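Let me begin by presenting the structure, written as structure tokens, before commenting on it.
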Amino acid sequence: MSMKPSDKHFQDALKIIPWGTQTNAKRPYAQFDGIMPKFIERGKGCRIWDMEGKEYIDFRLALGPVTLGYCYDEVDDAVRAQMAKGVLFSMASPIELELARILHETIPNAEMVRFMKTGEDANLSNVRIARAHTQREMILTSGYHGYPDWFAVDASPANGVPVILKDYVKIIPWGDCEEAERLIRKYNERIACVVSIPYDMNEDISGTYIKRLRALTQEHGILLVLDEVWTGFRLALGGGQELFGVQADLVSYAKAMANGFPISAYVGKQKYMETLNTFRMTTTYAGETLSMAAAIATLKIMKRERVHEHLNAMGRRLMEGFNRIASEFGLEAYAAGLPVSPYLKFNTKDKAYNERLEYLWFRELFREGVFIILRWFICYSHKEADIDEAIEKARKALRRALDAEPNERETIKPFYW
Numbered sequence: 006m007s008m009k010p011s012d013k014h015f016q017d018a019l020k021i022i023p024w025g026t027q028t029n030a031k032r033p034y035a036q037f038d039g040i041m042p043k044f045i046e047r048g049k050g051c052r053i054w055d056m057e058g059k060e061y062i063d064f065r066l067a068l069g070p071v072t073l074g075y076c077y078d079e080v081d082d083a084v085r086a087q088m089a090k091g092v093l094f095s096m097a098s099p100i101e102l103e104l105a106r107i108l109h110e111t112i113p114n115a116e117m118v119r120f121m122k123t124g125e126d127a128n129l130s131n132v133r134i135a136r137a138h139t140q141r142e143m144i145l146t147s148g149y150h151g152y153p154d155w156f157a158v159d160a161s162p163a164n165g166v167p168v169i170l171k172d173y174v175k176i177i178p179w180g181d182c183e184e185a186e187r188l189i190r191k192y193n194e195r196i197a198c199v200v201s202i203p204y205d206m207n208e209d210i211s212g213t214y215i216k217r218l219r220a221l222t223q224e225h226g227i228l229l230v231l232d233e234v235w236t237g238f239r240l241a242l243g244g245g246q247e248l249f250g251v252q253a254d255l256v257s258y259a260k261a262m263a264n265g266f267p268i269s270a271y272v273g274k275q276k277y278m279e280t281l282n283t284f285r286m287t288t289t290y291a292g293e294t295l296s297m298a299a300a301i302a303t304l305k306i307m308k309r310e311r312v313h314e315h316l317n318a319m320g321r322r323l324m325e326g327f328n329r330i331a332s333e334f335g336l337e338a339y340a341a342g343l344p345v346s347p348y349l350k351f352n353t354k355d356k357a358y359n360e361r362l363e364y365l366w367f368r369e370l371f372r373e374g375v376f377i378i379l380r381w382f383i384c385y386s387h388k389e390a391d392i393d394e395a396i397e398k399a400r401k402a403l404r405r406a407l408d409a410e411p412n413e414r415e416t417i418k419p420f421y422w
């Protein structure tokens with residue numbers, strides 16, 4: 006049997022690229038070998054095609070950045086128009102102020118704005134501001150915030166992060182209000198900021214945890230940094246802050262703001278952002294204009310066309326389909342999460358069965374031409390027909406998963422994100 010072009014390509018990639026890719030969550034999953042595509046050749050709307058030409062309805066959306074759809078014409082046209090002027094100059098470009106004004110008008114507390122290229126950059130910049138402003142060195146983190154040392158102490162020293170940083174970083178399991186209160190009260194005079202995601206893509210959609218963090222940080226004079234890298238411009242136009250009614254002191258944005266183009270922003274109250282005047286936080290490519298043009302176009306479309314109403318409507322349609330399928334098969338399962346990133350939760354008392362069935366279902370979904378791992382991200386290009394097609398494919402995939410389950414009792418390794 007001849008090797009598929011993508012398998013050969015992956016073998017070649019491994020020889021000169023560690024992992025064969027640049028992103029942990031884009032590494033091929035061993036448990037889906039031969040079924041999950043190793044590379045994506047192209048995308049349009051809510052569809053992607055692998056190296057063998059197989060088409061998928063995509064609900065992963067490049068790990069979240071694609072909010073409108075792949076190769077969205079208005080965004081790409083804006084990028085092409087800016088490309089004719091230039092990508093990077095010897096001084097700032099006027100487009101920087103144009104985008105900053107849009108963010109200032111859109112985000113609840115964006116009194117001042119600066120740009121970077123990735124979510125990690127933005128989170129790290131906000132930590133530096135918080136530490137410089139408060140003259141304190143400790144931070145508390147809650148959720149995933151990227152690869153920089155300050156956010157990776159849990160795996161130290163195997164990952165190259167100095168063990169000494171564990172004295173300066175304490176981790177709050179997301180959603181654990183009691184542990185948050187304990188750590189904040191214990192270390193309050195040392196803490197510069199608490200960095201947290203507003204939503205952990207789980208069943209807790211109340212906002213209770215992030216509201217409690219806001220109250221605790223205000224009580225002790227600690228800055229609250231919200232990591233809205235994934236949630237910003239996806240949960241709502243104003244992100245998790247708008248959805249949950251919480252205003253942080255500093256906030257990080259990235260993925261959804263430019264429909265896949267590389268840009269991030271760190272924003273906040275003027276009295277904190279002006280701390281940047283006292284030290285250097287800079288990088289050459291922060292003012293790159295093509296991504297800014299993409300962000301301006303993306304945000305204008307979101308405002309003009311009520312994109313988030315559509316995302317929620319399509320997400321609810323998908324969730325209703327999940328519940329119908331669960332009822333049809335008599336499964337202890339139900340649709341959970343927010344409509345912009347829902348999932349089907351298998352809810353029997355047998356955890357191993359739930360994990361095995363989820364794995365088998367995802368495996369069959371790949372065979373059906375639905376690209377999904379864990380959460381089903383919705384974009385503006387998902388229309389009713391796409392959702393209905395995905396629901397029917399999900400039904401067929403789950404039927405095969407249920408038929409296969411009694412004969413497939415191996416332990417399923419957890420997915421890496």
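Position one of the sequence shown corresponds to residue 6 (my numbering), numbered consecutively onward. Virtual Cβ for every residue (Gly too), placed ideally from N, Cα, C. All values derive from a computational prediction rather than experimental measurement.
Got a sec? Which residues, its chain only, sit under 7 Å from residue i by beta carbon, not counting five neighbours each side?
i           : result
residue 373 : 398, 401 and 402
residue 391 : 51 and 62
residue 240 : 204, 248, 343 and 345
residue 186 : 221
residue 353 : 337 and 359
residue 164 : 157
residue 368 : 37 and 40
residue 232 : 128, 148, 150, 200, 201, 202 and 257
Do you know whose CA, among the options, lies nearest residue i's CA?
i           : options               : result
residue 228 : 251, 32, 196 and 213  : 196
residue 56  : 50, 63 and 42         : 42
residue 54  : 375, 410, 395 and 380 : 375
residue 202 : 245, 224 and 119      : 245
residue 69  : 234, 404 and 32       : 234
residue 297 : 119, 309 and 286      : 119
residue 256 : 382, 128, 238 and 15  : 128
residue 31  : 378, 151, 284 and 150 : 378
residue 180 : 219, 78, 58 and 74    : 219
residue 47  : 25, 64, 76 and 178    : 76
residue 108 : 26, 137 and 238       : 238
Go ahead and label residue i buried or exposed: buried means 16 or more other beta carbons lie within 10 angstroms of its beta carbon, across all protein chains shown.
i           : result
residue 422 : For residue 422, the predicted model reports a pLDDT of 39, less than 50, meaning its position is unreliable; a value from the coordinates is still stated below. Exposed, because fewer than 16 other Cβ atoms sit within 10 Å of the Cβ of residue 422.
residue 335 : exposed
residue 304 : buried
residue 169 : exposed
residue 307 : buried
residue 72  : buried
residue 94  : exposed
residue 311 : exposed
residue 211 : exposed
residue 104 : buried
residue 21  : exposed
residue 90  : exposed
Which stretch, first to last residue, makes up the beta strand (DSSP E) that contains residue i?
i           : result
residue 165 : Looking at the DSSP string, residue 165 is not in any beta strand (DSSP E), and its letter there is neither H nor E.
residue 273 : 269 to 273
residue 233 : 228 to 233
residue 385 : Where residue 385 is concerned, there is no enclosing beta strand (DSSP E), given that its DSSP letter is neither H nor E.
From what residue to what residue does the alpha helix (DSSP H) around residue i run?
i           : result
residue 350 : First-last for residue 350: 348 to 351, but that is the beta strand (DSSP E), not the alpha helix (DSSP H).
residue 400 : 389 to 409
residue 75  : Premise fails: residue 75 is in no alpha helix (DSSP H) and is neither H nor E.
Consider the Cβ of residue i: report whether some Cβ of chain D lies at a distance smaller than 7 Å.
i           : result
residue 164 : In the structure shown, chain D cannot be found, because there is only a single protein chain.
Go through its chain and collect everything with a Cβ distance to residue i's Cβ below 6 Å, but skip five positions before and after it.
i           : result
residue 126 : 269
- Quick one: which unbroken alpha helix (DSSP H) runs of 4-plus residues sit fully inside the stretch 94 to 145? Chain order, please. 100 to 111 and 124 to 139
- 4 or more residues per run - each alpha helix (DSSP H) lying fully within the stretch 287 to 359: 294 to 310 and 312 to 334
- Which ranges would you report for the beta strand (DSSP E) in the stretch 148 to 209 if only whole runs of at least 3 residues count? 174 to 176 and 196 to 201
- Fully enclosed by the stretch 18 to 69, which beta strand (DSSP E) runs are 3 residues long or longer? 45 to 49, 52 to 55 and 60 to 63
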